[in-house]
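Chains as they are written, first to last, in the numbering used here: chain A, 4 to 102; chain B, 71 to 576.
Beta carbons are placed, not taken as given, at the ideal position from N, Cα and C, and that holds for glycine.
Given the structure is predicted, the values throughout are model-derived calculations rather than measurements.
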Amino acid sequence: MPEITEETVSHLANLARIALTPDEIAKLTGELSAIVHAVEAVNQVATPDVPATSHPIPMENVWRDDVVADQLTTEQALAGAPDHDGSRFRVTAILGEEH
Amino acid sequence: MADLIHMSAAELSSALAAREVSSVEVTTAHLAQIDAIDGNLGAFLHVNANALAVAEEVDAARAAGEPLHALAGVPVAVKDVLCTLDMPSTAGSKILEGWIPPYDATPVRKLREARMILLGKTNMDEFAMGSSTEHSAYGITRNPWDGDRIPGGSGGGSAAAVGAYEAPLALGSDTGGSIRQPASVTGTVGVKPTYGGVSRYGAIALASSLDQIGPVSRTVLDSALLHDVIGGYDHHDSTSIPTPWASFTDAARRGAASGSLAGVRVGVIKELDSEGFQPGVRAQFHATLEMLAAHGAEIVEVSAPNFDYAVSAYYLILPAEASSNLAKFDSVRFGLRVTPEGTPTVESVMSATREAGFGDEVKRRIILGTYALSAGYYDAYYGSAQKVRTLIQRDFAAAFDQADVLVSPTAPTTAWKLGEKLDDPLAMWLSDITTIPANLAGIPGMSIPMGLAAEDNLPTGLQIMAPAHADARLYEIGATIEALLDAQRGAPFHTLNPHFSAGGNR
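Right, dumping it as structure tokens:
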């Protein structure tokens with residue numbers, strides 16, 4: 004596997020939307036390398052003939068009737084929001100100056 | 071009558087039904103214990119101000135002759151991972167500080183329908199990521215047996231609350247051992263049901279293919295009573311198992327009464343009977359096996375060679391699923407919002423919020439999960455880990471061909487000192503080696519106290535595992551083993567605690 008650098012971690016932090024500090028990036032770079040090295044062991048037994056298991060108890064096609072139920076009121080839905088205008092969540096500008 | 075906080079839920083249920091005590095008296099006694107010791111113990115994040123009012127209603131209903139559930143009026147603590155309408159639900163994270171959900175988690179709703187008394191919300195590692203409860207954003211929880219040691223994790227708050235007689239019962243969540251390992255190190259009982267046995271609706275998700283809600287108590291029967299309340303099908307959770315479950319309470323009572331393990335095949339998993347485990351844990355485990363054999367159990371050695379890869383697979387699957395589940399904390403619909411200086415956009419607000427709101431362990435796992443799911447690495451990491459799950463399921467299937475239940479120490483060690491493993495995440499993760507396989511395979515597992523380790527006088531736990539859907543077998547055999555151990559000891563295990571025994575708090 005390729006070496007994990009600070010650029011790798013910086014890129015991952017951007018994908019994960021976490022504004023890590025330079026100190027955190029440096030620390031995580033070392034930790035991530037050690038962790039990835041340890042967990043790579045799975046490849047010793049995960050041969051092509053073994054099927055993958057996504058859920059431990061197999062289930063397929065879990066349906067329900069298409070009826071409206073268990074609705075929150077607008078007030079309930081907005082109650083925990085950091086900011087709202089009474090009927091909608093209010094967010095910061097979607098586009099920055101560079102867009 | 072024993073003093074109220076030292077009674078089991080089953081005893082409280084009988085005393086309440088016979089009107090020997092009121093729910094107000096029982097609830098008052100537990101709130102007084104919380105008030106007296108929790109400032110130091112740190113098991114609760116929030117105490118329910120409404121508990122006594124609900125207890126009064128239950129007492130009035132009983133006085134009026136209304137039919138009541140067996141556990142009506144019995145107090146219970148709730149891990150903070152579960153949404154509650156009237157109490158903050160933070161999952162131990164700053165990003166959800168003060169958040170009051172607009173709905174109850176299904177297991178919580180069922181507690182209320184049984185008219186149990188919700189005492190409050192218990193501490194946990196942030197988003198259930200940890201094995202020591204030291205990763206909570208709201209401070210540590212101490213072990214009731216030794217205040218300088220960890221109570222296990224992530225459900226250290228629920229285990230400590232039950233172990234220190236603040237509550238007879240609690241709810242936990244178990245993704246890789248978060249119910250069973252705290253039970254082991256605090257000398258209590260904890261059960262991870264079959265995946266899908268208890269609804270996760272309203273449980274703040276960590277890793278959706280692993281998470282399961284279950285009971286925490288001081289006796290096997292009490293866990294069975296609570297499991298009967300919270301279990302069963304729920305259309306809100308698509309992974310909920312639709313087939314009905316037999317009474318776990320009946321199974322536990324049957325097991326406790328039998329006194330014999332004749333004809334029971336008990337499988338010892340070779341890979342989880344490691345020479346690397348703490349000597350006092352191994353000694354208790356082998357003494358327990360001898361006791362089981364003396365009471366008729368047939369002890370068989372089984373091998374599960376792929377368990378050697380379980381921790382690696384788990385620490386790919388969990389971070390991958392967690393990185394996806396935790397994407398919902400985007401500063402828009404609930405929780406914290408941090409706005410950076412300059413001309414912020416929704417994305418820079420999101421990044422600043424998650425930087426400020428998540429702790430180190432959560433960031434570590436999100437970054438690892440994001441890496442494991444990255445284009446080009448998905449097959450090598452997440453895909454391979456899913457294949458290991460198949461291999462582990464096959465190991466369990468082969469083992470259950472030879473044995474009715476499988477046993478191991480619940481944890482490789484007793485409770486370690488606070489801070490001891492904080493700087494070494496890999497060492498912390500390896501402490502889950504015994505409990506992780508059951509989550510990967512979806513099977514039920516239980517931890518009951520075995521005895522004290524000779525070198526440190528701290529509790530050790532016996533893990534019992536059964537095939538998927540066979541939770542009743544765990545309660546039946548677990549209750550038999552518990553009764554045999556109690557008879558040998560001459561008293562229930564929890565009475566050995568030098569700080570919180572029947573003589574009072576010391």
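With DSSP collapsed to three states, give me the class of Glu371 of chain B. strand
Proximal residues to Thr409 of chain B (C-beta, below 6 angstroms), its chain only, five neighbours per side dropped: Val419
In DSSP terms, what Phe92 of chain A is bridged to: A:His87
Name the residues in the segment 65-93 of chain A whose C-beta lies less than 8 angstroms from a C-beta of chain B; which are they? Val65, Arg67, Asp73, Leu75, Gln79, Ala80, Ala82, Gly83, Ala84, Pro85, Asp86, Phe92
Is the segment 504-519 of chain B touching the segment 50-65 of chain A, taking contact as three or more C-beta pairs under 8 angstroms? Touching, yes, given that three or more Cβ pairs across the two stretches are closer than 8 angstroms.
Against Pro25 of chain A, what residues of chain B qualify as contacts under a CB-to-CB distance less than 9 angstroms, listed in chain order? Scanning chain B for C-beta atoms nearer than 9 angstroms to the C-beta of Pro25 of chain A yields nothing, as the closest lies near 12 angstroms away.
My assumption, with CB atoms under 8 angstroms, is that Val381 of chain B sits in contact with Leu239 of chain B. Please give the rounded CB distance. Not confirmed; about 31 angstroms, so no contact.
Does the pairing of the segment 157-164 of chain B with the segment 125-133 of chain B give three or more beta-carbon distances under 8 angstroms? The segment 157-164 of chain B, when compared against the segment 125-133 of chain B, does not touch it at the 8 angstroms Cβ threshold.
Inter-residue spacing [alpha-carbon to alpha-carbon] between Ala542 of chain B and Ala316 of chain B: 7 angstroms
When A:Glu6, A:Ala55, A:Ala16 are compared against Ala455 of chain B, the one with the closest alpha-carbon: Ala455 of chain B has its Cα closest to that of A:Ala55, out of A:Glu6, A:Ala55, A:Ala16.
Bounding residues of the beta strand (DSSP E) (the contiguous stretch that carries Leu115 of chain B): Unbroken beta strand (DSSP E) run through Leu115 of chain B: 114-117.
Short Cβ contact (8 angstroms threshold) for Leu152 of chain B with Val178 of chain B: Annotated as proximal: Leu152 of chain B and Val178 of chain B, with beta-carbon spacing under 8 angstroms.
Mind listing, in chain order, the continuous alpha helix (DSSP H) runs of no fewer than 4 residues lying wholly within the segment 526-565 of chain B? As far as the segment 526-565 of chain B is concerned, its whole alpha helix (DSSP H) runs of at least 4 residues are 541-559.
Determine the chain B residues that contact Ser57 of chain A at a beta-carbon separation under 9 angstroms, and present them in chain order. Ser279, Gln456, Arg459
Are any of the Cβ atoms in chain A nearer than 8 angstroms to that of Ser663 of chain B? Here chain B covers residues 71 to 576 and nothing more, so residue 663 of chain B does not appear.
Taking Cβ positions only, does Ala29 of chain A come closer than 8 angstroms to chain B? no
Reduced DSSP category for Ile506 of chain B - H, G, I as helix; E, B as strand; rest coil: helix
Validate contact between the segment 232-251 of chain B and the segment 282-293 of chain B using beta carbons, cut 8 angstroms, 3 pairs: yes
Would you check if the segment 210-217 of chain B and the segment 130-141 of chain B touch, i.e. whether three or more CB-CB distances between them fall below 8 angstroms? no
Please identify, using Cβ separations under 8 angstroms, the residues of the segment 262-278 of chain B that lie next to chain A, in order along the chain. Thr264, Tyr265, Gly266
C-alpha gap between Arg323 of chain B and Ala549 of chain B, whole angstroms: 7 angstroms
Once you ignore the five residues that flank Val94 of chain B on each side, which residues in its own chain have a CB closer than 7 angstroms to its CB? Leu122, Ala125, Glu126, Asp129
State the start and end residues of the unbroken beta strand (DSSP E) segment that holds Leu522 of chain B. 515-522
For His305 of chain B and His356 of chain B, I'd like the C-alpha separation in whole angstroms. If you take the alpha carbons of His305 of chain B and His356 of chain B, they lie about 43 angstroms apart.
Quick check: is the beta carbon of Asn193 of chain B nearer than 8 angstroms to any beta carbon in chain A? no
Strictly below 7 angstroms CB to CB, what residues from chain A border Ala425 of chain B? The sequence shown places Glu at residue 425 of chain B, not Ala. Here the neighbours are Ile21, Ala22, Leu23.
Spatial neighbours of Leu280 of chain B within its chain, please: C-beta separation below 6 angstroms, excluding the five flanking residues on both sides. Thr245, Asn509
Supposed contact pair Thr313 of chain B and Asp298 of chain B - C-beta distance, whole angstroms, cut 8 angstroms: At roughly 15 angstroms, the Cβ-Cβ gap does not stay under 8 angstroms, so Asp298 of chain B and Thr313 of chain B are not in contact.
I want to verify the contact list: residues of chain A whose CB lies under 8 angstroms from the CB of Trp169 of chain B, in sequence order. Gly83
Is it buried or exposed, Tyr265 of chain B, if we count other Cβ atoms within 10 angstroms and call 16 or more buried? buried
Given 8 angstroms as the limit, is there contact between the segment 219-239 of chain B and the segment 250-258 of chain B, that is, 3 or more CB pairs closer than that? Contact holds between the segment 219-239 of chain B and the segment 250-258 of chain B, because three or more Cβ pairs, one in each stretch, are under 8 angstroms apart.
Could you give the DSSP three-state label for Asn567 of chain B: helix, strand or coil? coil
Which stretch, first to last residue, makes up the beta strand (DSSP E) that contains Lys191 of chain B? 187-192
Indicate the three-state DSSP secondary structure (helix, strand or coil) for Ser478 of chain B in the structure shown. strand
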